[in-house]
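In our numbering, the protein residues as written are 1092 to 1275.
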């Protein structure tokens, strides 16, 4: 389902009458008059709502003698909202490009010749800086606190704050035996 199709469908679902029409069609296929009688609405009102539901691909229609019979398109409602949210679109690609540009600009602002000029105050920028610092640590290797301090001291004098930030952000983990880089 496309983003536009989802928006159109969600708009249709936000109306009480349309929702009742869909509930009725989930039980059985019906014509306009039967739906109107069942829901206590006028036939023109039901027709208006069915037109909106049809535009959103929520219902289909077929002719049977003199009547138009409406059916629920069940496959439209079998999708998971999470699948829609995780779907890659051109807009998600643009968002990723903006995120990458922001990350690059942040790193340029805080690093000079491989050294950290200052520790960011804003959490979002701090996270970006800490992610960059975490790259100095290998996966599947344990580090002593002294080793962690020496690595971080190469970037900034306040290695204690950086070490604590890496642990707080879940980029490094620690126990009594030492520190290690966490896979994200």
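Backbone N, C-alpha and C define an ideal beta-carbon position, used for all residues, glycine too.
Bridge-paired residues (DSSP) for residue i
i	result
residue 1227	None; residue 1227 has no bridge partner.
residue 1263	1272
residue 1246	DSSP, once it has assigned bridges, lists no residue as partnering residue 1246.
Cutoff 7 Å; reference residue i; Cβ partners in own chain excluding five residues on either side
i	result
residue 1110	1104
residue 1203	none
residue 1134	1123, 1124, 1127
residue 1138	1123
8 Å CB neighbourhood of residue i in its chain, flanking five on each side removed
i	result
residue 1273	1261, 1262, 1263, 1264
residue 1152	1141, 1145, 1159, 1160, 1161, 1162
residue 1121	1115, 1129, 1160, 1161
residue 1284	Within the shown structure, residues of the chain are numbered from 1092 to 1275, placing residue 1284 beyond reach of any answer.
Contact belief for residue i with residue j at Cβ below 8 Å, rounded distance in angstroms
i	j	result
residue 1228	residue 1242	7 Å
residue 1161	residue 1116	6 Å
residue 1208	residue 1246	The Cβ separation is near 10 Å, so there is no contact.
residue 1149	residue 1100	6 Å
residue 1076	residue 1094	Look at the range of the chain in this structure, 1092 to 1275, and you will see that residue 1076 is not part of it.
Through-space distance from residue j to residue i, alpha-carbon basis
i	j	result
residue 1130	residue 1257	59 Å
residue 1192	residue 1186	10 Å
residue 1230	residue 1252	21 Å
residue 1189	residue 1140	40 Å
residue 1143	residue 1177	27 Å
residue 1098	residue 1106	13 Å
residue 1169	residue 1184	26 Å
residue 1213	residue 1224	16 Å
residue 1234	residue 1267	11 Å
residue 1270	residue 1174	36 Å
residue 1244	residue 1275	24 Å
residue 1195	residue 1217	13 Å
residue 1201	residue 1210	8 Å
Residues near residue i in its chain [Cβ-Cβ closer than 6 Å; skip 5 each side]
i	result
residue 1221	1256, 1257, 1260, 1262
Residue i CB to nearest heavy atom of the ligand FAD below 7 Å
i	result
residue 1158	In terms of ligand content, the structure shown is empty, and the ligand FAD therefore cannot be addressed.
Whole beta strand (DSSP E) runs in the stretch 1167-1220 with 3 or more residues, listed along the chain?
none
I'd like the ranges of any beta strand (DSSP E) spanning at least 3 consecutive residues and lying wholly in the stretch 1123-1163.
1150-1155, 1158-1163
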